[in-house]
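According to the UniProt record's numbering, the stretch in the sequence shown is residues 1 to 454, in order.
For glycine and all other residues, C-beta sits at the position ideal for the given N, C-alpha and C.
Note that the coordinates shown come from a computational prediction; the quantities given were computed from them, not determined experimentally.
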Amino acid sequence: MATGALELSHVNRENITVAHPDFPRLQSEESAGIRRPPGIKKSISWGNRSDYTRSLSPQSLTVAVFLVEKSGRLLNLEEGRNTEAGTINTIMSENLSLPPSASQVFCVWLISPLLQLQLKSHHRPFRLRQVWPELLKKFTNTPDEVCEKDEPILCYQRSSFFPLKEERRIKDDRVLRRLFEEAKHNVLCGNYPISSKDALTLGGMLAYIDNGKYDKEEHAPGCFKNKLTDYLPAFVCKSSWPFLGRSPNSTIEQKLLQEYQNVSQQVKDVKACHKMFLEYCWNFSFYGSVFFRGQIERPTSSLLSNILGNSDLPVRVAINREGVHVIDDNKNDILLSLAFEELSWDYTPAPAHEPGCLDTFWLEFDAPDGSSDPEEAVQRLQIFSRQAEMMDAMVESCVLCDEPGPHGTLAGKVRCRVDRLSLSTLEGTLDRKKGSNKSFTMSNPFRKRHSTGH
1 MATGALELSH VNRENITVAH PDFPRLQSEE SAGIRRPPGI KKSISWGNRS DYTRSLSPQS
61 LTVAVFLVEK SGRLLNLEEG RNTEAGTINT IMSENLSLPP SASQVFCVWL ISPLLQLQLK
121 SHHRPFRLRQ VWPELLKKFT NTPDEVCEKD EPILCYQRSS FFPLKEERRI KDDRVLRRLF
181 EEAKHNVLCG NYPISSKDAL TLGGMLAYID NGKYDKEEHA PGCFKNKLTD YLPAFVCKSS
241 WPFLGRSPNS TIEQKLLQEY QNVSQQVKDV KACHKMFLEY CWNFSFYGSV FFRGQIERPT
301 SSLLSNILGN SDLPVRVAIN REGVHVIDDN KNDILLSLAF EELSWDYTPA PAHEPGCLDT
361 FWLEFDAPDG SSDPEEAVQR LQIFSRQAEM MDAMVESCVL CDEPGPHGTL AGKVRCRVDR
421 LSLSTLEGTL DRKKGSNKSF TMSNPFRKRH STGH
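What follows is the structure in structure tokens.
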């Protein structure tokens with residue numbers, strides 16, 4: 001089947017909901033690589049297995065494409081394993097009764113608890129599945145035996161390259177609902193490093209969406225006691241201690257009920273609450289980010305570094321169209337948040353003759369105190385990661401998205417480095433990229449870092 005609207009009428013599509021594999025919240029590719037949770041089951045079959053995929057003919061294929069709310073649709077693909085991600089994206093948009101413009105907002109991802117990849121339109125998911133173990137070995141610290149057993153699934157999610165300014169202009173309720181579901185997923189799963197206050201505010205909105213307008217008689221204390229995690233991320237539910245005989249869940253529930261009552265006085269219906277939830281999330285600097293795993297050196301003055309011998313700190317690096325955000329993976333706190341105009345970056349591959357070393361993603365930025373000393377005026381952060389190459393490609397592509405093209409238009413098709421990463425062949429070579437607005441001069445020699453398990 002050729003990509004294009006004329007061919008879509010010949011594609012059989014089944015509006016069937018299928019169960020999503022139960023991936024745990026706040027998945028860590030590093031920890032999952034060491035200890036694969038026993039509850040994770042095979043989610044989709046690409047070869048002889050038939051969990052979710054079955055051959056219809058020598059060419060056609062039925063495949064499950066999942067949504068973030070753990071449901072999915074079965075799509076019949078006439079080109080079978082040669083089907084491109086762009087075609088699946090278009091079919092999925094039609095299946096969900098979304099407008100044609102939704103194919104620019106959403107895209108197809110290939111994900112597992114170990115690795116998540118946003119696919120370009122020309123990528124062929126079934127071919128990428130054939131090299132999935134090699135991708136895991138290249139971009140994660142996962143043991144070989146786990147790489148061979150890991151099964152990714154196809155997901156329909158927001159494109160990380162879709163501009164926030166364009167998202168703010170969306171009026172279609174169906175598209176806004178899909179964006180809401182994804183934002184809700186990122187909040188509840190703990191992907192977004194938000195404060196307890198923000199979590200409770202958003203939780204009040206989710207309570208309204210699920211239960212309608214607040215009613216004092218119906219929604220008395222205790223009504224949400226056993227389902228707090230339906231509205232709040234896990235860290236909020238575990239953050240309080242008993243005080244004067246009162247359980248922490250009771251205190252949290254009271255705060256949630258208050259937020260629920262406040263929301264009920266501000267919105268008129270569920271659709272308005274979907275929009276309110278999104279508008280709140282749009283204010284987060286990390287909204288719509290792709291998350292990468294890495295590690296940074298702990299400050300030598302910290303007590304923990306003295307006890308543990310200066311072991312590295314696991315971090316997540318969130319990158320979106322606005323900038324780069326480094327998150328403490330243990331505390332889920334933002335350590336550093338920089339807009340692209342505030343930073344320079346570089347990528348250093350690990351030495352080929354030292355296979356145990358990790359690649360390095362560098363960030364250079366002005367010191368916050370504005371020191372006049374040249375040695376102190378610029379700060380540099382070294383992030384060690386097997387995904388450093390992907391971070392570099394993502395930053396370059398985001399920067400080029402907003403650069404004027406040859407005729408004064410924005411170069412918004414986002415090809416260059418993300419395409420040259422060559423996921424299907426693992427043979428892509430990347431040129432080193434100097435920073436966009438500052439000279440990236442290294443006064444200290446590069447420090448090598450070997451991979452460690454977290």
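Can you tell me the Cα-Cα spacing of residue i and residue j, whole angstroms?
{"i": "D269", "j": "N262", "result": "14 Å"}
{"i": "L98", "j": "Q379", "result": "46 Å"}
{"i": "G204", "j": "E145", "result": "44 Å"}
{"i": "M391", "j": "G356", "result": "20 Å"}
{"i": "E79", "j": "L128", "result": "16 Å"}
{"i": "L363", "j": "F384", "result": "11 Å"}
{"i": "L114", "j": "R293", "result": "10 Å"}
{"i": "L154", "j": "I252", "result": "36 Å"}
{"i": "F224", "j": "F340", "result": "42 Å"}
{"i": "K271", "j": "F106", "result": "20 Å"}
{"i": "V290", "j": "E217", "result": "43 Å"}
{"i": "M276", "j": "T348", "result": "42 Å"}
{"i": "V395", "j": "E389", "result": "10 Å"}
{"i": "I327", "j": "D312", "result": "14 Å"}
{"i": "T142", "j": "R316", "result": "17 Å"}
{"i": "E354", "j": "H123", "result": "31 Å"}
{"i": "S121", "j": "W132", "result": "18 Å"}
{"i": "K138", "j": "D210", "result": "42 Å"}
{"i": "I334", "j": "I194", "result": "9 Å"}
{"i": "L358", "j": "A350", "result": "5 Å"}
{"i": "L67", "j": "A352", "result": "39 Å"}
{"i": "L119", "j": "R158", "result": "11 Å"}
{"i": "I170", "j": "V399", "result": "23 Å"}
{"i": "Y208", "j": "H219", "result": "11 Å"}
{"i": "R386", "j": "T360", "result": "8 Å"}
{"i": "Q130", "j": "G212", "result": "47 Å"}
{"i": "C147", "j": "R73", "result": "26 Å"}
{"i": "P221", "j": "I319", "result": "40 Å"}
{"i": "K227", "j": "A377", "result": "49 Å"}
{"i": "E167", "j": "S196", "result": "26 Å"}
{"i": "G288", "j": "H274", "result": "16 Å"}
To which residues does DSSP link residue i through a beta bridge?
{"i": "S285", "result": "Partner(s): none; S285 has no beta bridge."}
{"i": "L336", "result": "V326"}
{"i": "Y260", "result": "Per DSSP, none; premise fails for Y260."}
{"i": "R127", "result": "According to DSSP, which records beta bridges pairwise, R127 is partnered with nothing at all."}
{"i": "F292", "result": "V317"}
{"i": "V108", "result": "Y156"}
{"i": "T360", "result": "T348 and F384"}
{"i": "Q116", "result": "I111"}
{"i": "F365", "result": "L343 and Q379"}
Taking 6 Å as the limit between beta carbons, can you name the residues of its chain near residue i, skipping five residues before and five after?
{"i": "A199", "result": "L232, P233 and V236"}
{"i": "N191", "result": "none"}
{"i": "G323", "result": "L338, A339 and F340"}
{"i": "Q59", "result": "G80"}
{"i": "Q295", "result": "D312, P314 and F384"}
{"i": "T201", "result": "E259"}
{"i": "A102", "result": "S93 and V175"}
{"i": "E69", "result": "E181"}
{"i": "T90", "result": "S103"}
{"i": "Y214", "result": "Y260, Q261 and S264"}
{"i": "residue 456", "result": "Only positions 1 to 454 of the chain appear in the structure, and residue 456 is not among them; the question remains open."}
{"i": "K255", "result": "L200"}
Relative to the alpha-carbon of residue i, which residue among the options has its alpha-carbon at the smallest distance?
{"i": "P125", "options": "T251, T87 and N211", "result": "T87"}
{"i": "L381", "options": "L336, L358 and M394", "result": "L336"}
{"i": "F365", "options": "N226, A318, W345 and P351", "result": "W345"}
{"i": "K184", "options": "V108, E166, D215 and T229", "result": "T229"}
{"i": "D150", "options": "L119, Y156 and E134", "result": "E134"}
{"i": "P100", "options": "D172, N76 and C398", "result": "D172"}
{"i": "P152", "options": "E166, R73, K165 and Q116", "result": "Q116"}
{"i": "K331", "options": "P368, K238, C281 and A367", "result": "K238"}
{"i": "L96", "options": "T140, L75, E84 and N82", "result": "L75"}
{"i": "N283", "options": "L136, T62, K255 and K165", "result": "K165"}
{"i": "E342", "options": "E167, T360, P368 and C273", "result": "P368"}
{"i": "F286", "options": "V187, V108 and T62", "result": "V187"}
{"i": "Y156", "options": "C189, F361, Q387 and A64", "result": "A64"}
Does the ligand ADP have a heavy atom nearer than 7 Å to the CB of residue i?
{"i": "N186", "result": "Among the components modelled here there is no ligand, and therefore nothing to report on the ligand ADP."}
By Cβ distance below 7 Å, which residues in the same chain neighbour residue i in space, the five residues on each side in sequence not counted?
{"i": "D329", "result": "P314, V315 and R316"}
{"i": "L278", "result": "L176, L179, F180 and A183"}
Might you give, ordered along the chain, the residues of its own chain that have their beta carbon closer than 8 Å to the beta carbon of residue i, omitting 5 neighbours on each side?
{"i": "E84", "result": "T3, S121, H122, H123 and R124"}
{"i": "Y280", "result": "D198, T201, L202 and M205"}
Count Cβ pairs between the stretch 252-266 and the stretch 101-114 that sit closer than 8 Å; are there 3 or more? no
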